[in-house]
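Note sheet for the following structure.
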Amino acid sequence: MIIPTRCYTMCSHLSVMSIPNFVRIDFWLYRRLFSYVLLFTFFIIIIFVFIFLLLFYLFFHSNFYYYYYF
Numbered sequence: 006m007i008i009p010t011r012c013y014t015m016c017s018h019l020s021v022m023s024i025p026n027f028v029r030i031d032f033w034l035y036r037r038l039f040s041y042v043l044l045f046t047f048f049i050i051i052i053f054v055f056i057f058l059l060l061f062y063l064f065f066h067s068n069f070y071y072y073y074y075f
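Following this note's numbering, the residues of the sequence shown are numbered contiguously, the last one being 75.
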């Protein structure tokens with residue numbers, strides 16, 4: 006496979022022969038996916054904490070526990 010120097014320098018991110026750029030693109034892709042996963046878990050934890058606090062507030066600021074008070 007013959008790659009001209011001009012195309013090799015210009016389109017080096019497209020060529021399979023340039024292994025460092027390929028590894029770099031792979032690294033950036035995995036880093037982006039890892040950041041998305043971290044954001045997703047962070048938002049899920051925030052949503053669960055918010056729901057828990059909301060239920061806690063609704064339970065203790067309503068008259069529900071007066072009815073079942075022994």
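Glycine included, C-beta positions come from ideal geometry on N, C-alpha and C.
Alpha-carbon spacing of residue i relative to residue j, whole angstroms
| i | j | result |
| --- | --- | --- |
| Tyr-35 | His-66 | 46 Å |
| Ile-50 | Val-42 | 12 Å |
| Trp-33 | Ile-52 | 28 Å |
| Leu-58 | Arg-37 | 32 Å |
| Phe-45 | Ile-56 | 17 Å |
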